[in-house]
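Quick note on numbering: the sequence shown equals residues 0 to 251 in numbering that gives the first Met the number 0.
To start, the structure under review is shown below, and the notes come after it.
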Amino acid sequence: MTVIPKIIHQLWKTDIIPGRWQAAVNAVKRYHPGWEYRLWTDEMMEAHVRDFHPELFSSFMGFDLPIMRADVFRYMLMHDLGGMYCDLDYEFLRPFDYADSELVLSLEYDKSYGDGEDQIANFVFASVPKHKLWQDILEDLRLKPPVIGGSLDVCVATGPKLVTRVYFSAEKNYSGVNLTHQPVFSPRRVHGPRERKHYINSGVTYGFHHGWGSWRDRWNLEYIKLRLSKILGLGPGPNEQGRPDDVAPLGR
């Protein structure tokens with residue numbers, strides 16, 4: 000069986016990581032000793048897509064929002080190089096044994112834990128190179144280039160709902176998959192030291208996503224309308240189908 004390469008991938012605009020995420024980045028490195036660390040900047044991303052995915056380069060550069068490029072590029076990395084990807088605000092609590100898997104995915108919404116649907120997170124995963132899931136996702140993007148009307152559609156176009164749709168539509172075709180339940184990599188958001196201590200001592204949770212929500216332009220008109228509707232108790236907007244603030248990824 001092909002093993003997952005010992006490479007950590009993270010994304011940011013430049014090679015200078017903001018200080019507020021440094022502790023989480025340090026934890027990722029600490030719990031993956033001996034792994035190569037790669038921080039991909041916007042410039043590096045563009046060059047890689049141009050060289051290795053010329054068929055997608057035009058649509059990639061034409062995406063409406065930078066988050067869409069960040070989403071798609073992480074799938075390209077898993078396809079081309081393999082390894083482990085996590086957002087800059089994903090904090091590991093202990094080392095995870097990837098040895099028996101070709102693909103490690105996490106349910107961020109999990110029907111087994113009371114959620115209305117299963118949804119695969121795209122803020123953390125690990126893979127061997129060329130796993131068929133990533134081939135299928137990239138082919139889906141090639142055949143149906145995503146176009147969105149606002150940031151709330153991103154999770155459907157390129158984010159976790161895309162991964163979830165492609166995976167569950169052909170689940171039987173994917174080998175060596177470890178689809179972990181919510182508490183393993185995607186527990187409910189940590190709100191204080193007691194919850195954090197609980198996760199550390201649980202023996203079940205390997206990390207959690209802080210979800211500080213920089214991926215979205217918080218002050219665009221669409222977002223302001225959405226927040227006001229929630230405050231006034233009017234419910235979500237018609238396009239709100241994905242990431243709430245507590246699961247909104249960073250590393251953009």
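Note that beta-carbon positions come from the ideal geometry of N, C-alpha and C, so glycine has one too.
Keep in mind it's a predicted model, so treat the numbers as computed, not measured.
The way I'd put it, the segment 35-53 doesn't touch the segment 102-110; fewer than three beta-carbon pairs between them come closer than 8 Å. By the CB criterion at 9 Å, A125 and S185 fall outside the cutoff. Under DSSP, I147 shares a beta bridge with no residue. DSSP, read as helix, strand or coil, puts S57 in helix. Taken through DSSP and simplified to helix, strand or coil, W133 comes out as helix.
The residue among L87, Y84, K196, G113 with its C-alpha nearest the C-alpha of Q181 is G113.
In the pairwise beta carbon analysis, the segment 167-178 is classified as touching the segment 91-101: at least three pairs are separated by under 8 Å. Residue pairing by DSSP places A125 opposite M83, V103 in a beta bridge. Separation of the CB atoms of V123 and C154 is rounded to 16 Å, and the pair is thereby denied contact status at 8 Å. Counting C-beta atoms within 10 angstroms of its own C-beta, H209 has 16 or more neighbours from the protein chains shown and is therefore classed as buried. When C-alpha distances from Y74 are compared across Q21, V162, I3, P17, the shortest belongs to V162. Measuring C-alpha to C-alpha distances from V48 to each of D70, R93, V27, K28 identifies D70 as the nearest.
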